[in-house]
Amino acid sequence: MTSSDMPLVEMTGICKEFPGVKALDGVDFTLMPGEVHVLFGENGAGKSTLISILAGVYQPTSGHFRINGRDARFPSVKEARAAGVCAVFQEFSLVPTMSVAQNLFLGSELLSGPFVDHGRARREAEKLFGELGFSIDVGAPVAALSRAQQQMVEIAKAFHAKARILILDEPTASLTERETAMLFRFIGEARAAGVGIVYISHRMHEFAAIANRITVLRDGKLVRTVDAAATSESELIELMTGRSIDRIYPDIDLASAPETVMKVRGLEGPGVHGVSFDIRKGEVLGIAGLVGSGKSRAFRTLFGLSGTVAGTVVLDGHDVTGATPETLIARGVFYLPSDRKREGLFLGADARENIALSMLNRPDTRDALGFRSPARLRRLTDDIGRRIDISQAFLNRTVAKLSGGNQQKVLFGKALSVEREIYILDEPTVGVDMGTRAAIYRLIKQMAETGKAVVVISSDLAEVMNLSHRLLVFANGTIAAELAGEAINEQTVLGHFFQGGRLGA
Amino acid sequence: MNTQVDQVSSTRGSVPAAAMTFLRDLFIRVGVLPFFLVAALVFFTLASHNFLTVQNITNVARQSVYLVLVALGQMLALVTGGFDLSVGTTIAITSVVSATVMVFVAGAYPDAAWAAVSLGLLAGLAAALAIGVVNGVGIARFGVSPFIMTLGVQSVGAGIALFITGGVPIGDLPNEFGDFFGFGSIAGIPVPVLIAILAAVVMWVLMNRTRTGARLYAVGGNIKAANLSGINTGRVLFLAYALCALLASVAGILLTARVESGETNLGGTIALESIAACVIAGVSLRGGIGRVESVVIGGFFIVLVENGMNILQIGSYMQMVLLGALLILAVVIDQFRYKLLVGEH
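Sequence lines, in order, name chains B and U.
Start counting the first sequence at 845; every next residue gets the next number (the working numbering).
Start counting the second sequence at 156; every next residue gets the next number (the working numbering).
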């Protein structure tokens, strides 16, 4: 057997359980030398867990894997790296306080005698970036770089490690077209040298350019591994979601005369450089943009989560510029945070209490003496539970023990606990399964069609394009485009993502 | 980054603005220390004629040796993103253990004074190392927060020190010990100062020129990233607390030699003072940032302020108030600096 037809990676029956969730369930995966193998699936489908196991971050609950034909077990990242596996995660493994050169050699510092040789590290780093065609000041601290530049450092780090198995998790998510082309050229070179590449991306148009095979995962299970050249985009979507695309997104009726409820003018804050827009009743306003485009920060700023520097925010004729979340919530504004574990939920409390805490100011939760009434709270939270389609048993369970999908439903329960006028939903379906996703879209439809204003901020382009009546595209802290109706399509939106050209370095 | 370039070019040519930019960069790079140091020097010099004299400043330098040593150790814990509240206890344990062993050995073999001193020193260092190991294992292996771990250990250690001595100082140490480590000098330079200089040089090399140093900064800067880069973060954390205890122990030995007895109260307020010295010297409480040379000056600065307050006859009670306030002010300014350094996130 020659080395070229022996798989670099052979994973069989991989299972991974986290408390309360089965993230992977009997997944098989192989990677050949010189192959680009795409992992495709929704958020929460198990792609990240699978590559984390391959990279030594997690250990599988059961199942085997072989590297170069030999049984492998990676107790930590160190062993995986020693075996030639190198991963570029979305969450960067860079130390912000250290320089680019220092980060590049982190964990394998260059020595002269017993001492670290900073001069050589700098020179080697400059040489490497020169070869890759990335222009970066290797002496600058990583914190001072743009997200795209940080991505380049991550990629350079992997190339530098001479990986035999390279894992790239959405590497192009924050790169410009030129940088993407450069990356693809290097993927091609690595491939020619026999490197196997596991590639995660949502951008289907990239697959034609680089992919050999595509493995589709859904809800932790392997759906199928297909030949990239022989599979169309619509087939991929059906494999990914298990249903055809028009059955996922409901048609949301637009109010006949949407009335403006909030006017934002020239809003400036951290990462937000002057944005103006209106939020209207009975309309879904979509917000698209890359990570770091300010799409989330703009709304965090107007919700009082980071300081407003300039601009005005008028809600129903009242000036609420720089108001605190407390004031805005009292006026009927709800913000659903993108990170439910860190910002959304009280993980140690049960689902019922999480929902009840959003009703603290409702008079009908209190008894005649003005104390919180358990009986009334139970009845009210039961009502909410029915609306968000969550069972009694789950309502009484500690939120930390619920699946991601049910946690997200609880978060929507908080949104529905009080009559609100404006729902700002930041990544409303991040890391939830397909069934929950459809349920959440129905809730959004209900909100909008009962005359509430809904803002959907999302990195999932299909989601934000299919739900929105009107779409704002953010780039570099400003609004690059406002699109409506027919003008909302992938080409146009992607085209506006890189406006301003600041990312080009 | 474009905005920065704009600022620089738009302010070119105007001298006050250029000075402001310089001060801002200085602040971002080394922190609040140069500003505090200048302010303290000016204030105390104006307030008293006895302050800015060669003799007094030399005196401050000699007195600051102990704090500098402890602050260097504290810096290790801070750079990894934690801190060590048990440095005072470490000093106390070192003092009573080394004194007890010296007295015992010197009693058994009265002619072998240097043997007694050596054994005493080894026992003191070993006892301190045990404290560092307990801290390190608790924090690195069991994931106890540095605050609770070192707070608990500081109580345990203080109790043990009092138990060993019954609260009574251990006197009758060999004269050679105090004569050399407390009052001796080589080539006109006091021995404690020489030891502190040596420790500072070793620390500088460790932090700036070795893999271990790079890893200490990495663990504090982003522990997840360090782990993903194949760094054994547990070992790095363990090492930080073990070395911190050893440096505190050296300070404990020098203090014991100075007072010529083993005492349980030698480490009194040094945990607070050492954290203050580090933070004022620009060591970030969030980890990942800190320079050895700044910490040395930071330790010197704290002792300088205490010395100035003594000259102005400010009572020790009031000094506690001012020192605590200074620490909090330094932390507030550190938050501000971190934002300038890393940007809003």
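C-beta: ideal position from N, C-alpha, C; glycine also.
All figures in this text were calculated on a predicted structure; none of them were measured in a lab.
When the options are compared against residue i, the one with the closest alpha-carbon
i, options, result
"G928(B)", "N912(B), I980(B) and M942(B)", "N912(B)"
"R1087(B)", "L852(B), L1134(B), M1278(B) and G890(B)", "M1278(B)"
"A261(U)", "D327(U), L207(U), I466(U) and Y372(U)", "D327(U)"
"P301(U)", "G343(U), I325(U), S310(U) and F238(U)", "F238(U)"
"F491(U)", "I350(U), L459(U), Q468(U) and L440(U)", "L440(U)"
"A436(U)", "S203(U), V256(U) and L482(U)", "L482(U)"
"A282(U)", "M304(U), L306(U) and V242(U)", "V242(U)"
"V1126(B)", "E1293(B), T1336(B), M876(B) and E879(B)", "Checking the sequence, you will find Gly at residue 1126(B) rather than Val. Selected option, being the one with the closest Cα: E1293(B)."
"Y1285(B)", "D1013(B), E1307(B) and S1303(B)", "E1307(B)"
"S1137(B)", "V882(B), E923(B), P919(B) and L1338(B)", "L1338(B)"
"R925(B)", "K1001(B), S1312(B), N1198(B) and L1019(B)", "K1001(B)"
"Q792(B)", "M1309(B), D1160(B) and M1026(B)", "Outside the displayed span of chain B (845 to 1349) sits residue 792(B), for which this structure offers no information."
"A1074(B)", "F1051(B), P1094(B) and I1096(B)", "F1051(B)"
"S449(U)", "R217(U), S253(U), T244(U) and W359(U)", "W359(U)"
"I1011(B)", "M942(B), V960(B) and L875(B)", "L875(B)"
"G343(U)", "V193(U), I408(U) and T213(U)", "T213(U)"
Close beta carbons around residue i, own chain, < 7 Å, minus the five adjacent residues each side
i, result
"L361(U)", "T367 and G368"
"S429(U)", "L222, V225, A226, Q229 and V242"
"H1004(B)", "L948 and L972"
"R1109(B)", "S1120, G1155 and T1156"
"I341(U)", "L349"
Within-8 Å CB hit, residue i to chain B
i, result
"S384(U)", "yes"
"R364(U)", "yes"
"I352(U)", "no"
"A485(U)", "no"
"G463(U)", "no"
"G291(U)", "no"
"I303(U)", "no"
"I488(U)", "no"
"Q162(U)", "Per-residue confidence for Q162(U) stands at a pLDDT of 42, beneath the threshold of 50, marking its modelled position as unreliable; no derived number is given."
Residue-chain proximity (residue i, chain U), Cβ-Cβ < 8 Å
i, result
"G951(B)", "yes"
"T941(B)", "yes"
"K922(B)", "yes"
"F1051(B)", "no"
"F918(B)", "no"
"F933(B)", "yes"
Residues near residue i by beta carbon distance below 8 Å, same chain, minus five either side
i, result
"N363(U)", "V447"
"S956(B)", "R964"
"I315(U)", "I248"
Contacts of residue i in chain U (Cβ-Cβ under 8 Å)
i, result
"F1318(B)", "Simply none; closest approach about 17 Å."
"R838(B)", "Past the boundaries of the shown model lies residue 838(B); chain B is included only from 845 to 1349, so the question cannot be answered."
Residues that residue i contacts on chain B, provided the C-beta gap is smaller than 9 Å
i, result
"A355(U)", "Going along chain B, no residue has its Cβ under 9 Å from A355(U), so there is no contact; the nearest lies around 17 Å."
"G236(U)", "Those within 9 Å of G236(U) in chain B number zero; the least Cβ separation is about 11 Å."
"G443(U)", "V939, P940, T941 and M942"
Contacts that residue i makes with chain U (C-beta to C-beta distance below 9 Å)
i, result
"R914(B)", "Ordered by position in chain U, no residue passes the 9 Å Cβ test against R914(B), which lies about 20 Å from the chain."
"S937(B)", "N377, K379, A380, A381, N382, L383 and S384"
"Q946(B)", "A369, Y372 and A373"
"V960(B)", "N363, R364, T365, R366, G368 and A369"
"F1342(B)", "Those do not exist, as F1342(B) stays about 16 Å from chain U at its closest Cβ, beyond 9 Å."
Proximal residues to residue i (C-beta, below 6 Å), its chain only, five neighbours per side dropped
i, result
"N157(U)", "Because the pLDDT of N157(U) is 41, which lies under 50, any placement of that residue in the model is unreliable, and the number read from its coordinates should be weighed accordingly. Nothing meets the Cβ criterion."
Neighbouring residues, chain B, relative to residue i (Cβ below 8 Å)
i, result
"I183(U)", "Ordered by position in chain B, no residue passes the 8 Å Cβ test against I183(U), which lies about 10 Å from the chain."
Neighbour flag for residue i against chain C, beta carbons, 8 Å
i, result
"E448(U)", "The question asks about chain C, but that chain is absent: this structure's protein chains are B and U."
Task: Inter-stretch contact at 8 Å, needing at least 3 Cβ pairs: the segment 397 to 405 of chain U / the segment 453 to 472 of chain U - done: no
TODO: Indicate whether the contact test is met: 3 or more Cβ pairs, each with one atom in the segment 954 to 967 of chain B and one in the segment 875 to 891 of chain B, closer than 8 Å.
DONE: no
Open item on the list: Contact between the segment 321 to 335 of chain U and the segment 246 to 264 of chain U is defined here as three or more beta-carbon pairs at a separation below 8 Å; is this criterion met?
Closed with: yes
Task: Three CB pairs or more closer than 8 Å across the segment 195 to 208 of chain U and the segment 402 to 422 of chain U - done: no
Open item on the list: With three or more beta-carbon pairs closer than 8 Å as the criterion, would you say the segment 1133 to 1151 of chain B touches the segment 1099 to 1119 of chain B?
Closed with: yes
Open item on the list: For the segment 1288 to 1303 of chain B against the segment 1263 to 1273 of chain B, do three or more pairs of beta-carbon atoms, one drawn from each stretch, fall closer than 8 Å, so that the two count as touching?
Closed with: yes
TODO: Please determine if the segment 1053 to 1064 of chain B and the segment 870 to 884 of chain B are in contact, where contact requires at least 3 C-beta pairs separated by less than 8 Å.
DONE: yes
Task: Segment contact flag, the segment 1194 to 1211 of chain B with the segment 1251 to 1260 of chain B, C-beta cutoff 8 Å, min 3 pairs - done: yes
Open item on the list: Quick test of the definition: if touching needs 3 or more C-beta pairs under 8 Å, does the segment 1091 to 1105 of chain B touch the segment 1119 to 1133 of chain B?
Closed with: yes
Open item on the list: Whether or not the segment 899 to 907 of chain B and the segment 854 to 861 of chain B are in contact is what I'm after, with contact meaning three or more pairs of Cβ atoms, one per stretch, closer than 8 Å; do they touch?
Closed with: yes
Open item on the list: Contact between the segment 936 to 952 of chain B and the segment 373 to 387 of chain U is defined here as three or more beta-carbon pairs at a separation below 8 Å; is this criterion met?
Closed with: yes
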